[in-house]
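Visitor: Dropping a structure here in C-alpha cells format, bear with me for questions.
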Amino acid sequence: MILQLNDIRKEFKGRSNHSVLAVDDVSMQVEAGEFIVVNGASGSGKSTLLFTMGAMLPPTSGQVVCDGTDLYALSPSRRSKMRNLRIGFVFQTFNLISYLNSLENVAFPALLAGSSKKAAMQRAEDLLNRLGLGERLSHLPVELSVGERQRVAICRGLVNAPDILLADEPTGNMDPELTQETMELFRGINRQGQTIVMVTHNPELSETGNRHVLMEKGSIRAERIVSAEDKAL
Amino acid sequence: MRSILWMTYRELSVRKASFIIGLTMCGLLISMFVSIEWSLRSRGNRVQGDIDQMGPGIVVVPPDKSIADLRQFDLGSRYFGTRELVDPLIARLSPHTRAVDVRLSVRIPTKDGKLPVVGIDPARVVSPHETLRQLGKNEVAIGRELGRRLDKQSGDVIRIAGSEFSVKTILPPAGDLSDLAAFMPVSRLQAVTGKIGKANVIRIFPESGRDFAEIRELLTDYGSRLHAVAIDRGEIAETRIPQTLASHRYAVYVLLGVFLSFSMAIWTYLDSAQRLIELATVAAVGCSPAGLVGLLVGRSAVVGAGGALLGVALIGGSKWITEGAFPGSITDLSDLLATALCGAVFFSVAGAVPVALNMSVRNYVGFLQN
Ligand SMILES: Nc1ncnc2c1ncn2[C@@H]1O[C@H](COP(=O)(O)OP(=O)(O)OP(=O)(O)O)[C@@H](O)[C@H]1O
Ligand SMILES: [Mg+2]
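For the protein sequence lines, the chains are A and B, in the order given. First residue of the first sequence? That's 150 in my numbering, and the numbers climb one at a time after it. First residue of the second sequence? That's 167 in my numbering, and the numbers climb one at a time after it.
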C-alpha cells in the first residue's frame, strides 16, 4: 500500500465567521500500481483532498499515512523531504519556474534531493526524451506550447521516481484532442508501474484509470473498479 | 544548499528586471554611504592634521637620550642608519601611522658657540610652518631669536659649517630653544656634517585611535637601538576629537543601514509577492522552509553585494572623471570597498530575513489551488 487516508476532514475558516467543510470524513487507500481518477462537481473538495494527500495541506483531523508515518506528524522540513522524494505533483496550470528551462525545471527536484548536477540533468533528459521533448530541453516555459508545458510538468513530477504521482485537473486547460493525448500519456506511465491519483471535474475521463472515485460535497459518494470492458466502451 | 545557490544564479541570469531594480536601489544607498564616508574621511584627515601640527604622538631618540635632551638639541653621537633602521621601521609602521617625520638634529660649533641645526625632509615634514615644506637645497629657516642675534632677515645669506645658505624665512617664536635653531633639508645637513644616511629623531604620528602601546609593540625588534617616548598631546587631541568624529560616523551609518534594511525588506516583499505561485511551487516540489528562506535571503545578499560594487563604482567613477583620480590611496579604496560590501550584505540580509521567514511559513496551497 502506498498511501492511506484515515477519516480526513478539512474545514476552511473564513475571515468572517463562516466556515466551509471542504472534505468530510474521507477514508481511502491507494495501492501500488493503481490509477485512481477522482471525479466530482466543482467545489466538491477534490483539490482539497489531493493537496492533503500531497503533504501540502494539513487536514483539520485525520491522518495521511505514507510508508508507516503520518505525514502531518512530521516536522515541516521532514514533510518537505517526503514531498520531494515520495510524491510527484502536477498542477492544472503546470507552475513551471519561469526562469528555468525545461531540463532545469525537471532536474530541480532532483537537485533539491541532493543528486549531483550531472545525474539530475541526465535523469531529466531521459524523462524528457521519453515524453518526446528531446528537442525542447533548453526552452524556457514561455517558449513552449500548452501540451509541451504539461509534459515538462509531468516529467518534473516523475524525476525523483515518486511512490505516487498526483495530478490536479491536468487537462483543465486543454482541448479534447490534447486531453486524449495526455490521458494516453498517463495511462502509459501507469502501465510502467507508476501509481497515479488524478483529479478532474470532467466526467468523461472517469474511465481512464482503473479505479473511479466520485466526490460530492466533500464526501465519497461512489467508488468502483473500472474493468477492461468499461474501457473498451 | 547547493541547489539554492544554483537557483539564485539561474534566476539572476534570466529575471533581470527585478534584480536591476534591487541593485539600483542598493547601489544608490551605497553611493550615498561612499560619498559621506569620503567627505567624513577628508574632514577627519583635516582635523587629525591640525592635531598633528601640535606635535607627534611618539618620538624616537637614541637609546640613552630623553625628550629633555631632544629639547636641548643634545642627542649625543649615536645615530640611526637610514637603510638599516629608519626605512624598515617606516615600512613597518606605515599601516598604523599618518606620517613619520625623520630628522637629524646636531649642534655645529661656530665662533659664537654651538648652533643647533635640524635637518628635515621637506617632502615629509609635519609642521605648522608651511615654509619648511618649501625649503630648497641651499635654504634655511631660522628661529626668531637666532635671526635677532645674527641680525639676519629673510633673503640674507648665512654660513653654516662652511657652506652658504639663504634665509628663506624667520620662524615665529616657539618659546623654546628651537627659537635659536636653524632648519635645513636633511640631505644638505648630512652632506655638510659628513653624516650621510644618518638621523637621530623619528617623529611618529599614529592613526587616530592607535595608542602608544600598539606602536611600541611594533618597535620591539629595534628595542635596544632606540628609545620611544609617548608625547601627551592632551586628552582633547588624543581621545575626545577622534571619539566625536567616530560617533558622528556611527550615527550616519546606523541610519543608512536601517534605511538599506528597510528598502531590502520592501524589495524582498514586493518581489516575492509578485511570484508567490513560483515560491509555492518551489515549496511544493520539496524545498524546505529553511531552503525558501535561503532562496529569498540569498537573492538579497547578492543584490546587496552587487549594489555595494555598483555604489563604489558610481562614486569612484564620478570622482575619477571629475578629479582624474580616486581620493585617497588604493588601500583606502579597498578598505572602503570591503566596508561597503560587508555593510551592504549585512543590512540587506537583515532586511530580507523577517520577510523570508514570514514567506516560508505561509501556507502556499491557496496560491496553487485553482
Ligand atoms: N483556501 C481556502 N479557503 C477557504 N475555502 C476554501 C479554500 N480552498 C477551498 N475552499 C473551499 O472548499 C471547497 C472545496 O474546494 P476545492 O477546491 O477542493 O473544490 P474542487 O472540487 O477542487 O473544485 P473545482 O473542480 O472547481 O476545482 C469549496 O467550497 C471552496 O470554496
Ligand atoms: Mg480543484
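Beta carbons: idealized from backbone N, C-alpha and C, even for Gly.
Closer than 7 Å to a non-hydrogen atom of ligand 1 - does that hold for the CB of residue 196(A)?
Guide: yes
Visitor: Please report the residue range of the alpha helix (DSSP H) in which residue 183(B) lies.
Guide: 182-219
Visitor: Let me check understanding here. Comparing Cα to Cα, which of 326(B), 360(B), 241(B), 308(B) lies closest to residue 338(B)?
Guide: 308(B)
Visitor: Which of helix, strand or coil does DSSP assign to residue 398(B)?
Guide: coil
Visitor: How should residue 118(B) be labelled, buried or exposed, when 16 other C-beta atoms within 10 angstroms of its C-beta is the threshold for buried?
Guide: Residue 118(B) lies beyond the range of chain B shown here (167 to 536); nothing can be said about it.
Visitor: Whose C-beta lies closer than 8 Å to the C-beta of residue 366(A) among residues of the same chain, with five residues either side of it excluded?
Guide: 173, 193, 194
Visitor: Output, in chain order, the set of chain B residues within a Cβ distance shorter than 8 Å of residue 230(A).
Guide: Chain B residues near residue 230(A): 452, 454.
Visitor: Here's the rule: buried if 16 or more other CB atoms are within 10 angstroms of the residue's CB, otherwise exposed. What is residue 219(B)?
Guide: exposed
Visitor: Grab the span of the alpha helix (DSSP H) containing residue 302(A) for me, first residue to last.
Guide: 295-307
Visitor: Along chain D, which residues have their Cβ under 8 Å away from the Cβ of residue 174(B)?
Guide: In the structure shown, chain D cannot be found, because the protein chains are A and B.
Visitor: Residue 347(A) bridges to which residues according to DSSP?
Guide: DSSP output for residue 347(A) lists 186(A), 316(A) as bridge partner(s).
Visitor: Say whether chain B places a C-beta atom closer than 8 Å to the C-beta of residue 262(A).
Guide: yes
Visitor: Note down the Cα distance separating residue 359(B) from residue 319(B), rounded to an integer number of angstroms.
Guide: 25 Å
Visitor: Please name the residue in 278(A), 347(A), 241(A) whose C-alpha comes closest to that of residue 302(A).
Guide: 241(A)
Visitor: Return yes when the C-beta of residue 350(A) is under 7 Å from any heavy atom of ligand 1, and no when it is not.
Guide: Yes - ligand 1 has a heavy atom lying nearer than 7 Å to the Cβ of residue 350(A).
Visitor: Report yes or no: is there a C-beta of chain B within less than 8 Å of the C-beta of residue 233(A)?
Guide: yes
Visitor: Could you spell out where the beta strand (DSSP E) holding residue 283(B) opens and where it closes?
Guide: 279-286
Visitor: For a minimum of 4 consecutive residues, which ranges assigned as the alpha helix (DSSP H) are wholly contained in the stretch 307-370 of chain B?
Guide: 310-316, 352-359
Visitor: Applying a beta-carbon distance threshold of less than 9 Å, which residues of chain B neighbour residue 319(A)?
Guide: Ordered by position in chain B, no residue passes the 9 Å Cβ test against residue 319(A), which lies about 11 Å from the chain.
Visitor: Using beta carbons (cut-off 8 Å, strictly below), is residue 158(A) in contact with chain B?
Guide: False, the Cβ-Cβ gap to chain B never drops below 8 Å.
Visitor: So, helix, strand or coil for residue 266(A), using DSSP?
Guide: helix
Visitor: Measuring only from the beta carbon, is residue 318(A) closer than 7 Å to any heavy atom that is part of ligand 2?
Guide: yes
Visitor: Would you mind working out which of 299(A), 243(A), 293(A), 356(A) sits nearest residue 184(A), comparing C-alpha positions?
Guide: 356(A)
Visitor: Cβ closer than 7 Å: which chain A residues qualify as neighbours of residue 434(B)?
Guide: Chain A residues near residue 434(B): none, gap ~17 Å exceeds 7 Å.
Visitor: Which residues in chain B sit within 7 Å of residue 248(A), going by Cβ to Cβ distance?
Guide: Simply 176, 177, 180, 181.
Visitor: How is residue 364(A) classed by DSSP in three states: helix, strand or coil?
Guide: Looking at residue 364(A) - three-state DSSP - the assignment turns out to be strand.
Visitor: Mind checking whether the beta-carbon of residue 283(A) lies closer than 7 Å to any heavy atom of ligand 1?
Guide: No heavy atom of ligand 1 is found nearer than 7 Å to the CB of residue 283(A).
Visitor: Starting from residue 253(A), find everything on chain B with Cβ-Cβ shorter than 8 Å and list it in chain order.
Guide: 176
Visitor: Is it the case that the Cβ atoms of residue 246(A) and residue 257(A) are separated by a distance below 8 Å?
Guide: Between residue 246(A) and residue 257(A), the C-beta gap is smaller than 8 Å, which places the two residues in contact.
Visitor: Can the beta-carbon of residue 414(B) be found closer than 8 Å to that of residue 231(B)?
Guide: no
Visitor: I think residue 347(B) touches residue 284(B), with their Cβ atoms under 8 Å apart; what is that distance to the nearest whole Å?
Guide: 6 Å
Visitor: Taking residue 487(B) as the query, report the chain A residues whose CB atoms sit under 8 Å from its CB, ordered along the chain.
Guide: Simply none; closest approach about 36 Å.
Visitor: Any idea what DSSP makes of residue 241(A), helix, strand or coil?
Guide: Here residue 241(A) sits in coil by DSSP.
Visitor: In chain B, which residues lie less than 9 Å from residue 188(A) when you measure between Cβ atoms?
Guide: What residue 188(A) touches in chain B: nothing, since even the nearest Cβ is about 16 Å away.
Visitor: Could you run through the stretch 275-288 of chain A and flag, in chain order, every residue whose CB is less than 7 Å away from some CB of chain B?
Guide: none
Visitor: May I have the straight-line CA-CA distance separating residue 231(A) from residue 204(A), to the nearest angstrom?
Guide: 8 Å
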